[in-house]
Each structure stands twice: as C-alpha cells, then as structure tokens.
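2 is the number of the first residue of the sequence shown in this note's numbering; add one for each residue after it. Shown next, in structure tokens, is the structure this report addresses.
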Amino acid sequence: MIKKTLFSNFLTLLILFFMLHLLPNTFAQDNTQWGVPEGARARLGRGQTGEMRYSPDGTRLAVAGIGIWLYDTATYQEISLLTGHSAEIFNIAFSPDGKTIASGCYDGTIRLWDLGTGTHKTRLTTYKVSVNSVAFSPDGQTLASGSDDGTVRLWDAHTAEQKKTLTGHTDNVYSVAFSPDGQTLASGSDDDLDTIRLWDAHTGEHKKTLTGHADGILSLSFTPDGRTLASGSYDRTIHLWDVHTGEHKKTLTGHADNVWSVAFNPDGRTLASGSEDGTVRLWDVHTGEHKKTLTGHIGGVYNVAFSPDGQTLATSGGREVRLWDAHTAEHQKTLTGYTEQVSSVAFSPDGQTLASGSDPGETVDFWDGDTGVHKKTLTGDIGRVFSIAFSPDGQTLASGTGKNPPHLWDVHTGTHKQAFEGPAPVYCVAFSPDGKTLASGGWEEIGLWDTHTGGRKKILEGHTSWVRSLAFSPDGQTLASGSDDDTIRFWEARTGKLTNILIGHADGVKSVAFSPDGKTLASGGGDGTLRLWNADTGTSKITPTGHTDSVSSVALSPDGKILASGSRDGNIHLWEADTGEYKKTLTGHTFWVTSLAFSPNGKTLASGSLDGTVLLWELFQAPPPTPR
C-alpha cells in the first residue's frame, strides 16, 4: 500500500512538472494559429518587428508588426497576439496604468486594446494617411498622434473623441512624446526645416520650434526629469535640447546611417540609440560621450526600449528582438521567429517543403509544407532575394537576387552548389520542365543557363525594361516573359527565337503563369488587371477585374480550374480559370501580396507578403463524416 502511494505521488509530481515546465513552452512556441484569418490554416513567421514598448509595471513587452505580440518578461515567452488592423502597425504605447495599449497603423487608424482581455476596445476616427506615432499623457487622459498629413492630434483617451488638431508642420510627423510632467508635447517632422515643435499639452498652443538637424526627425525622448529632449534623425546624428529654453545642448555623432530610435534609461544617465547601420549605441547623457556599441543585429535597428527598472535594454531589427543587460551591455537573450518582407514563395515538387525568399532580409527560409514548422534558413552572401524556384526533381533551389547572378542551392543540406556568371540584379528565375535549363530575367534581357555545367547557353534580347516574371510551358517548348515595358514575349526555348509579343497591360507586366495543359497564359499587370491569353494565338481571351492596385502575382491550380491573383492592395482573389468568373477573396495580409504558389495536390495556396509572413490557405476542406 505504501509503495502504491509513493508511486502515485511520484506520478502526480511528474505530471505537474510536465505541465508547469514543458507545456507553457510548447504552447508559447505554437503560434502559427494565432490571429490566423478565416480560410487560412497557418501563418509562417511572425512578420517584421516594429516599435517595442514595456508595460509600466515591466511585466509585459509589446512588439508591433502584423499585430501586437505580447511577451511575459519573466520568461520572455509570447503569450498573445492582438490583431484587427488591416495593415502593418508602426507604433504602440501603453497607458500609464498599463490597462490599455494604443496602436497606430499604416491603414490610417488608431486602435485601443484592453490588455486584461486582449480585446479591441475602440477605434479612433480614421486618418486618410499613415499614423506614425502615438503617445499617452502621463495622467492617461490624452492620447497624442502624429501622421503623414503633417498634423498632431489630441484625443480623449476614454471617449476616443478628438480634442484638438495641432498644425504647423508642413510634412510627415514621425514622432510625438509627452514630457514627464505632462505640460509639454514634442513633435518631430521631416518638413522643410526638419523641425521639432514644442506645444502646450493642455491648450495645444505652440511654444517653441527647435531647428538644427539637417534632415527629418525620426524619434524623440525626454529625460525622466523632463529637462532634456533627445532627437534622432535621418542626418545620422542625435541632438540634445534644453526643453525650458529650446537651446541646442549637444550633438552626438558616430552612427553611419539613419538614427531610427532614441530612449533614455529611467535613471536618466544613459541614452540608447538604434540605427540603420545595424548598431545600438549607448551614450553618457551628461558628457555626450559614446560609452559602448552593441552589435549583433543583421540589418538596421529600428527601435530601442528600456525596461521600467532600467535593468534591460530591448532592441529590434530585421528578424529578431535582442535583450541586453543595460549596465554591462552584455547580450542576454534573442527573441526569434520574426521574418522580413517575403518576395517569393515556392513549393517543392513533392509538396513537403515550402521555400520563402526575403527582400531585404537576404535569406531563404524552408518550412514544412504540411505543418508550417520552420526547418532551416539559407544565409550568407545571398543578397536581396527577389525570386526562388525549385528544380523539377526537388533537389535544387534557384535564387534570383539584387546582388548576384542566379545561384543554385542544395535543398537538403542548404549548401551552395553553383553560381552563374552574369549581370545582376536578377528579378525572376524559372526551371525548364526537364531541369536542364534555368532562365533568369534582369534588365532588358533573359539568360538561359545550363544547370549542369553552369554555362550560359543563350541571351534573349528584345525587352526594353526590367523582366519581372518568367514561365516555361508544361512541354518545355515555350518560355514566356513579362516586363515593365508592358509586353509579354513568347520565345522558343530551344533556339531562343522570339515567336510572339502580347500587348494589353499598362504599367508593366508583373507576373505570368501557364495553365497545366499549356493552352492558356495568365498575366497580372501594374494596371491592376488580370488577363487570360490563348497561348497558341497570343490573343486575349478574358480580362477579370476586381483588384484596386497592381497585380503582383498569378498562379493556376494543378488541375487548371482555379486562377489565384495577389495584389498590392493586400488581397488575394480566386477566379474560375475557364470563364474568369470571380469566386472568392482571401484577406488577412497586412501589406502587399508579392507571391503565390499552389501545393502540388492543389489543396493549399501559399501567399507571401511584404508584411513578412506566409499564409497557408486551405482551399478544399474534407467533407464531414457520413452519419451512421
């Protein structure tokens, strides 16, 4: 009996240990279902990193992007994703009591969220342009916002009613900040004189204009005592200003590119700055001397934020958020899973792998085609990835980039196999059905390459601008090319002979794709239209309409029945391929849809977007079980 009791107690403790220590990590990392739009079964990647903010009590870290990611700072595990905006969120702010978070968005809206429930509370009257910055007053009664219309607006934080509009800037307002005592509001702009304006936070009256930067103001931060204002600028410098007199105190130099973000440590002794040059710099506020440089980010650092206790510095940029000891500047932790703008997606022929290329991330990611789990990342001297394509046997991936001629990669090992010698950038790549030839498109010409020897077989000339898309016919006899010169050209793949020119689009041809039977070519144009062409005669058959902006990608399902189109308007439309009849709109991306790919079995459509994510859409759901 005693042995059974001991075993039972041991088993209970083991289960408790599993629940407490293993399950939170499992659930926290399985975020592919969070905020997934209707019709999609998974989201790959968290998108780009935007502005970060710690909650006033320091228990939460919020990161803006496709939504608002919330982390528990005790473990730095993600706990939720707040979604609702129709575009990327640029900026966020916690209310002083920590119960509300405000978000300003590219879609021109400001939303207020209840942090207790994670639900959307209200939406403030819509701007017609992007909202670039939001900030709560210290008493929590007022929310200030700055936008691309050059205005600063003051809102009642409880009723969401607009109180005042402050005018004076003549161009985009990128940053707003309240002084700690709540008496002064600062706003920074890239107007003609690159000004900072100080306003009476209660009356809205203009108090002072600070000038001295040589380019636009990107970020503002007050010292905790409110006596000094720091400003970061496109001009690569940081200025310190006396708030009372408006006089310029110091100029901090050292960054080699735009200074995107500045923030004071709560003790007021240290200023942190993040720059496009990829570094974070720590400065002595009193002397203006540079103390330390933090490195490790790949690409620009777009935001810096100190924890309320001043112990931790969070920095964001590219594909990650980094956490540093604010005193020793030692790197403590990296929050990964973020992804930069997706320019191209492609399924492997067996459907088991999905690849996505990033611009400007200079990476290619491989994902499990069924589960969406990240498998590996290709990095190195890749350059901005514009296009990717799997070879017909699935063993090789080709990439077209802004830096190099086409490259070939081993899909299984991720190692580099072949580099061709030729011009760059390369905007599009396509394998012939037999895998022996790779076509690449760039400025005014198309290169045909021998995939075994690496030699260039032919150069196809005739286009008068960038070649944006390439597609081989299923029988491999014809190569179609779409160009910014508004034409589609058909080439005999073996000889390189021009066989036809299709004219109909305006503002460039962005994407071309053959139907599985080779009888139809689909194309998407910068004019926002789709066209279906008779591949034999080159005559236009159908012109489906519905997108409100450039059609950046077209794809036909493996059975040839569905035409999918992705647009700069952020939407994906599905059409009957034979008739051009509209079927459905898939919405969920918060920015331009750049690329589409059907899985080989036709059940899934993958979409890549400049919001940094890939969405997997379930096109055919299994029928319900038959009742017994």
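A virtual CB, placed ideally from N, CA and C, is assigned to each residue, including glycine. Please read all numbers here as calculations on a predicted model, not as lab measurements.
inquiry  = Here's a check: name, in chain order, each residue in its chain whose Cβ is nearer than 8 Å to the Cβ of Gly151, leaving out the five neighbours to either side.
reply    = Here residue 151 corresponds to residue number 150 of the sequence shown, with the count starting at 1. The answer, listed in chain order, is Thr168, His170, Thr171, Asp172, Asn173, Val174, Ser190 and Asp192.
Counted within 10 angstroms of its Cβ, other Cβ atoms place Phe621 as buried (16 or more) or exposed = Sequence index remark: in the sequence shown, residue 621 carries index 620 (1-based). Its Cβ having fewer than 16 others within 10 Å, Phe621 is exposed.
query = So Ser553 and Ser541 are in contact, right, with Cβ under 8 Å, and what is the actual spacing, rounded?
reply = As a first step, residue 553 must be located in the sequence shown, where it is residue number 552. As a first step, residue 541 must be located in the sequence shown, where it is residue number 540. No, Ser553 and Ser541 are not in contact; Cβ-Cβ is about 20 Å, not under 8 Å.
request  = Would you decide whether Ile502 is buried or exposed? Buried here means 16 or more other CB atoms lie within 10 Å of its CB.
outcome  = Along the sequence shown, read from residue 1 onward, the residue named residue 502 stands at position 501. Exposed, because fewer than 16 other Cβ atoms sit within 10 Å of the Cβ of Ile502.
Residue from Leu221, Pro475 and Ala161 with nearest C-alpha to Asp560 = Along the sequence shown, one-based indexing puts residue 560 at 559. The shortest C-alpha separation from Asp560 is found at Pro475.
message = Please list the terminal residues of the continuous beta strand (DSSP E) segment that includes Thr101.
response = Translated into the one-based positions of the sequence shown, residue 101 becomes position 100. Here the beta strand (DSSP E) through Thr101 covers Thr101 to Cys106.
query = Beta-carbon separation of Pro309 and Asp58 under 8 Å?
reply = Taking the sequence shown and counting its residues from 1, one reaches residue 309 at position 308. Taking the sequence shown and counting its residues from 1, one reaches residue 58 at position 57. Taking 8 Å as the cut-off, the beta carbon of Pro309 is found closer than this to the beta carbon of Asp58.
request  = Ignore the nearest five residues each way along the sequence and tell me which others in Glu422's own chain have a CB closer than 7 Å to its CB.
outcome  = As a first step, residue 422 must be located in the sequence shown, where it is residue number 421. Result list for Glu422: Pro406, in chain order.
query = Going along the chain, which residues of its own chain have a beta-carbon closer than 8 Å to the beta-carbon of Lys251, five neighbours each way excluded?
reply = Position 250 of the sequence shown, counting from 1, holds the residue named residue 251. Residues of the same chain with a CB within less than 8 Å of the CB of Lys251, apart from the 5 flanking positions on each side, are His240, Leu241 and Gly289 in chain order.
ask   = Taking the beta strand (DSSP E) that Ser474 falls in, what are its first and last residues?
value = As a first step, residue 474 is located in the sequence shown; it is residue number 473 there, counting from the start. For Ser474, there is no enclosing beta strand (DSSP E), as DSSP marks it with neither H nor E.
request  = Decide if the segment 344-354 is in contact with the segment 319-330; the criterion is three or more beta carbon pairs, one per stretch, under 8 Å apart.
outcome  = Contact between the segment 344-354 and the segment 319-330 is absent, because fewer than three Cβ pairs lie under 8 Å.
request  = Measure how close the beta-carbons of Glu493 and Gly40 come, nearest whole angstrom, since I'm counting them as under 8 Å.
outcome  = Walking along the sequence shown from the start, residue 493 turns up at place 492. Walking along the sequence shown from the start, residue 40 turns up at place 39. Here Glu493 is actually not in contact with Gly40; their C-beta atoms are around 41 Å apart, not less than 8 Å.
Local Cβ density within 10 Å of Val374, reported as buried at 16 or more and exposed below that = Here residue 374 corresponds to residue number 373 of the sequence shown, with the count starting at 1. Exposed, by the Cβ-count rule.
Sufficient close CB pairs (3 or more, under 8 Å) joining the segment 597-605 to the segment 333-342 = No, because fewer than three Cβ pairs between the segment 597-605 and the segment 333-342 fall closer than 8 Å, the two stretches do not touch.
request  = Output the distance between the C-alpha atoms of Leu71 and Thr84, rounded to the nearest integer angstrom.
outcome  = Counting from 1 along the sequence shown, the entry for residue 71 is found at position 70. Counting from 1 along the sequence shown, the entry for residue 84 is found at position 83. In this structure, the straight-line span from the alpha carbon of Leu71 to that of Thr84 is close to 11 Å.
Close beta carbons around Thr120, own chain, < 8 Å, minus the five adjacent residues each side = Here residue 120 corresponds to residue number 119 of the sequence shown, with the count starting at 1. Within the same chain, Thr120 has close Cβ partners Trp114.
request  = Just mark Ala202 as buried or exposed, buried being the case when its beta carbon has 16 or more other beta carbons within 10 Å.
outcome  = Taking the first residue of the sequence shown as 1, we reach residue 202 at position 201. Label assigned to Ala202: buried.
query = Straight-line CA distance for Phe1 to Lys498?
reply = For residue 1 there is no data in the structure shown, the boundaries of the chain being 2 and 629.
key: Ala41: first and last residue of the uninterrupted beta strand (DSSP E) it sits in   = Here residue 41 refers to the residue found at position 40 of the sequence shown. For Ala41, the enclosing beta strand (DSSP E) has its first and last residue at Ala41 to Leu45.
request  = Alpha carbon to alpha carbon, how far is Asp243 from Thr196? Give it in angstroms, no decimals.
outcome  = Here residue 196 refers to the residue found at position 195 of the sequence shown. Here residue 243 refers to the residue found at position 242 of the sequence shown. Rounded to the nearest angstrom, the gap between the Cα atoms of Thr196 and Asp243 is 15 Å.
request  = Could you check the C-alpha separation between Gly48 and Cys106 for me, to the nearest Å?
outcome  = In the sequence shown, the residue the question calls residue 48 occupies position 47. In the sequence shown, the residue the question calls residue 106 occupies position 105. Roughly 15 Å between the two C-alpha positions.
query = What distance in whole Å lies between the Cβ atoms of Asn32 and Glu79, which are believed to be in contact at a cut-off of 8 Å?
reply = Here the question's residue 79 lines up with position 78 in the sequence shown. Here the question's residue 32 lines up with position 31 in the sequence shown. With 8 Å as the limit, Glu79 and Asn32 qualify as a contact, their Cβ atoms being about 6 Å apart.
inquiry  = Tell me the DSSP secondary structure of Asn693 in three-state form.
reply    = This structure gives no information on residue 693, because the portion of the chain shown stretches from 2 to 629.
query = When you compare only the Cα positions, how much space is there between Leu522 and Thr313?
reply = The sequence position of residue 522 within the sequence shown is 521, counting from 1. The sequence position of residue 313 within the sequence shown is 312, counting from 1. Going by the C-alpha atoms only, they are around 56 Å apart.
query = Where do the ends of the beta strand (DSSP E) carrying Ser146 lie?
reply = On the sequence shown, position 145 is the one that residue 146 refers to. Thr143 to Ser148 is the extent of the beta strand (DSSP E) around Ser146.
request  = List the whole-angstrom C-beta distance separating Ala306 from Arg54, where the pair is believed to meet the contact cut-off of C-beta under 8 Å.
outcome  = Translated into the one-based positions of the sequence shown, residue 306 becomes position 305. Translated into the one-based positions of the sequence shown, residue 54 becomes position 53. Their Cβ separation, rounded to whole angstroms, is 6 Å, which keeps Ala306 and Arg54 in contact under 8 Å.
ask   = Secondary structure at Ser56, three-state DSSP: helix, strand or coil?
value = Locating residue 56 in the sequence shown gives position 55, counting from the first residue. If DSSP states are grouped into helix, strand and coil, Ser56 belongs with coil.
inquiry  = Only counting the same chain, and skipping five residues up and downstream in sequence, which positions put a Cβ closer than 6 Å to that of Asn572?
reply    = In the sequence shown, the residue the question calls residue 572 occupies position 571. If we look at Asn572 and ignore the five residues flanking it on each side, its Cβ neighbours are Thr586 and Thr588.
query = Would a C-beta distance cut-off of 8 Å place Ser220 and Trp284 closer than the cut-off?
reply = Here residue 220 is taken as the residue at index 219 of the sequence shown, counted from 1. Here residue 284 is taken as the residue at index 283 of the sequence shown, counted from 1. Not a contact, by the Cβ cut-off of 8 Å.
Ordered list of beta strand (DSSP E) runs contained in the segment 349-426, each at least 3 residues = Taking only runs of at least 3 residues, the beta strand (DSSP E) segments lying wholly in the segment 349-426 are 354-359, 365-369, 375-379, 386-391, 397-402, 408-411 and 417-420.
query = From Thr271 to His287, what distance separates their C-alpha atoms?
reply = Residue 271 sits at position 270 when you count from the first residue of the sequence shown. Residue 287 sits at position 286 when you count from the first residue of the sequence shown. Looking at the two C-alpha atoms, the distance is approximately 9 Å.
ask   = Between which two residues does the beta strand (DSSP E) carrying Ser608 extend?
value = Stepping through the sequence shown from its first residue, residue 608 is reached at position 607. Ser608: member of the beta strand (DSSP E) spanning Thr605 to Ser610, first to last residue.
query = Within 10 angstroms of its Cβ, does Tyr303 collect 16 or more other Cβ (buried), or is it exposed?
reply = Here residue 303 refers to the residue found at position 302 when the sequence shown is read from its first residue. Result: buried.
inquiry  = Between the alpha carbons of Gly36 and Tyr235, how many angstroms are there, rounded?
reply    = Mapped onto the sequence shown, residue 36 falls at position 35. Mapped onto the sequence shown, residue 235 falls at position 234. Each residue's CA atom was taken as its position, placing Gly36 and Tyr235 some 34 Å apart.
query = Among the residues of its own chain, which have a CB less than 7 Å from the CB of His291, if the five just before and after it don't count?
reply = The residue given as residue 291 occupies position 290 in the sequence shown. Excluding sequence positions up to five before and after His291, its CB lies within less than 7 Å of the CB of Gly255, Arg282 and Trp284, all in the same chain and listed in chain order.
query = Just reading off the beta strand (DSSP E) that Thr538 is part of, what are its end residues?
reply = Translated into the one-based positions of the sequence shown, residue 538 becomes position 537. Neither: Thr538 is in no beta strand (DSSP E) and is coded neither H nor E.
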